[in-house]
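Scroll down for the structure; my scribbles are underneath it.
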Amino acid sequence: MRRTCHLAAVLAALAPTLPTSLALGLTLALAPPLAATAAAQGIERPFPPDALRGKMTPGYFPDLLIDGKPRRLAAGARIFNQDNMIAMPATLRGSDIVVNYTVDAAGMLERVWILNDDEAARPAPAAAK
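The sequence shown lines up with residues -23 to -1, 1 to 106 when you count with mature numbering (1 follows the signal peptide of the UniProt record, and there is no 0).
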């Protein structure tokens, strides 16, 4: 939070001397590192209350194993990595990856969140009811 305020103050001080395109370029160049620091600060991800917990093993797209049972990704499904960025199914490696997930009305995987160690240590949202 402090870095964002500092960046705004610096840009405001330089605004009269910088061309608009340069100021915009600096802002856009510095935005991704600032977003990454938010993830590093441990901002809690909001999981839906109906999210389930399981251990995922990636398979051939669109198939996955969750707790040893074959599951399929729904059309438009999203997989979020530990930094809450979208992960492409073909890039997933490993087995028994702890995840929270939601399913649609047809029982297909709708959203999957790969958990970091802190999130995995907490109870699953659906178990907290």
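Think of the CB as a built atom: it goes at the ideal place given N, C-alpha and C, for glycine as much as any other residue.
Mind checking which residues open and close the alpha helix (DSSP H) that includes residue i?
i: alanine 97; result: 94 to 98
Does DSSP put residue i in a helix, a strand or coil?
i: proline 66; result: helix
Here's a check: name, in chain order, each residue in its chain whose Cβ is nearer than 6 Å to the Cβ of residue i, leaving out the five neighbours to either side.
i: methionine -23; result: Note that methionine -23 has pLDDT 46, beneath the 50 cutoff, so the model's placement of it is unreliable and the number below is only indicative. Correct list: empty, nothing qualifies.
i: phenylalanine 24; result: Asn77 and Pro102
i: valine 89; result: Ile56, Val76 and Tyr78
Work out the CA separation of residue j and residue i for me, nearest whole Å.
i: aspartate 40; j: isoleucine 20; result: 30 Å
i: valine 75; j: arginine 99; result: 12 Å
i: glutamate 87; j: glycine 31; result: 14 Å
i: aspartate 60; j: glutamate 96; result: 12 Å
i: glycine 45; j: tyrosine 37; result: 15 Å
i: aspartate 81; j: leucine 50; result: 10 Å
i: methionine 85; j: arginine 48; result: 7 Å
i: isoleucine 43; j: proline 35; result: 9 Å
Would you kindly report the start and end of the unbroken beta strand (DSSP E) that includes residue i?
i: glycine 53; result: 46 to 57
i: asparagine 61; result: That residue, asparagine 61, is in no beta strand (DSSP E); it is neither H nor E in DSSP.
i: aspartate 81; result: Premise fails: aspartate 81 is in no beta strand (DSSP E) and is neither H nor E.
i: aspartate 40; result: 40 to 43
i: glutamate 87; result: 86 to 91
i: arginine 30; result: 29 to 35
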